[in-house]
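Going by this note's numbering, the final residue of the sequence shown carries number 295, and the count climbs one at a time with no gaps. Note that the Cβ used here is the ideal one computed from N, Cα and C, for glycine as well. None of the values given here were measured: they were computed from a predicted structure. Structure first, commentary second.
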Amino acid sequence: PLLTAEDDLTGRPGRFTFVRCRDCSLVYQSPRLTLETVKTYYESEYIAHRQPGDWGWLAPLFRRAIQSLDRDKLRIVDRYLRLAPSSTVLDVGCGAGTFLSRVRAQHGSAVVGVDFMDLADRPALRDVEFHCGLFYDQPFERERFTLITMWHFLEHDYDPMRSLAHARASLAPEGRLIVEVPSLDSVTFRLFRDRWPGLQAPQHTALYDRAMLLKTMERSGFEVLDHLPYGAFPPYFYLFCGAAFRLLKGRGLNMQKAIYAYFAGQLLLLPVLPFLEHRNLAMQTVVCRKV
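Printed below as a string of structure tokens:
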């Protein structure tokens with residue numbers, strides 16, 4: 005085994021082993037929970053699926069953080085593709101749908117979301133063509149999408165090659181695929197190892213370093229146009245949570261109680277964070293076209 009992890013965020017019992025494939029070097033969870041069992045880890049406490057009202061008095065801070073994240077996602081998109089009202093954008097693993105809502109508001113594009121949890125009641129998804137289920141099971145028209153995004157989806161996927169094949173078939177000839185995942189060769193992984201937030205056991209079933217991510221995309225019929233040693237997701241979250249997980253040792257982290265410490269640490273690091281954000285701290289992103 006490469007390492008053994010716990011559910012450090014919620015503190016639910018269990019130990020989850022990650023191994024490295026001898027043939028291709030992919031790091032993956034073995035054994036994995038069944039899809040039905042792992043769904044229980046995506047319920048109300050899963051941060052990406054929570055609504056502002058779930059945070060009580062912290063709701064304005066949560067809303068501001070999500071707006072900032074979506075803004076940074078769209079900045080990455082806008083560097084590589086000019087979206088228009090005639091564009092159609094698919095977000096795989098769309099969660100509550102706030103990114104798609106921003107795309108529609110800013111560019112007027114048609115927006116489509118897929119998530120394997122039924123989140124159709126989320127306010128941001130009301131004007132989105134939402135599909136509940138596994139991505140590769142969705143009968144999308146061939147070459148429909150101008151842009152397909154996978155923001156922290158691929159590490160959750162139980163069949164990433166099948167999903168990427170479906171993405172390739174669904175992507176327009178001049179379209180772009182943008183994928184962001186945690187980086188296994190990042191600074192925070194080396195710092196925290198089995199307490200690294202990017203493990204997020206048991207939801208994360210595969211982990212990618214730069215070489216493996218590039219190889220996966222190329223084997224799936226994509227040309228990688230650019231690799232970024234960062235993403236839209238704030239690396240400070242991994243710095244804070246990694247330190248907290250190491251202290252708590254699997255007892256779970258209540259973000260509502262830890263919020264003062266979170267912002268105090270952020271304030272302390274404020275002078276250096278802008279210089280660190282693009283330094284392979286936590287995330288990586290690839291921008292691809294199909295070949």
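key: Residues near residue 305 by beta carbon distance below 7 Å, same chain, minus five either side   = Coverage of the chain is limited to positions 5 through 295, which leaves residue 305 absent and any answer about it impossible.
task = Inspect the beta-carbon positions of residue 44 and residue 198 and report whether they are closer than 8 Å.
result = no
query = Are at least three pairs of beta-carbons, each pair with one atom in the segment 155–163 and one in the segment 196–216, less than 8 Å apart?
reply = yes
ask   = Helix, strand or coil for residue 160 per DSSP?
value = helix
inquiry  = Contact between the segment 126–145 and the segment 188–198 is defined here as three or more beta-carbon pairs at a separation below 8 Å; is this criterion met?
reply    = no
4 or more residues per run - each alpha helix (DSSP H) lying fully within the segment 182–214 = 191–196
key: Where the beta strand (DSSP E) through residue 287 begins and ends   = 287–294
key: Segment limits, alpha helix (DSSP H) that includes residue 154   = That residue, residue 154, is in no alpha helix (DSSP H); its beta strand (DSSP E) goes 149–155.
task = Going by CA-CA distance only, name the one from 47, 228 and 251 that's closest to residue 3.
result = Nothing about residue 3 can be read from this structure; the chain reaches only from 5 to 295.
task = Helix, strand or coil for residue 19, going by three-state DSSP, please let me know.
result = strand
request  = With a 10 Å radius around its C-beta and 16 neighbouring C-beta atoms as the bar for buried, classify residue 151 as buried or exposed.
outcome  = buried
inquiry  = If I measure Cβ to Cβ from residue 78 and keep anything under 8 Å in the same chain, skipping five residues before and after, which residues do I get?
reply    = 103, 106, 107 and 110
ask   = According to the Cβ coordinates, are residue 76 and residue 247 closer than 8 Å?
value = no
query = If we count the other Cβ atoms within 10 Å of its Cβ and call it buried at 16 or more, is residue 11 buried or exposed?
reply = buried
key: Among 219, 274, 249 and 285, nearest to residue 28 - alpha-carbon criterion   = Checking every option, the nearest Cα to that of residue 28 belongs to 219.
request  = Could you check what DSSP says for residue 44 in three-state terms: helix, strand or coil?
outcome  = Of the three classes helix, strand and coil, the one that applies to residue 44 here is helix, per DSSP.
request  = Figure out for me which residue from 99, 242, 82 and 136 has the closest Cα to the Cα of residue 179.
outcome  = 82
request  = Note the first and the last residue of the continuous alpha helix (DSSP H) segment covering residue 32.
outcome  = Note, residue 32: premise wrong, no alpha helix (DSSP H); beta strand (DSSP E) at 31–33.
ask   = So what's residue 133 in DSSP terms, helix, strand or just coil?
value = strand
query = Per DSSP, what kind of secondary structure is residue 11 in: helix, strand or coil?
reply = coil
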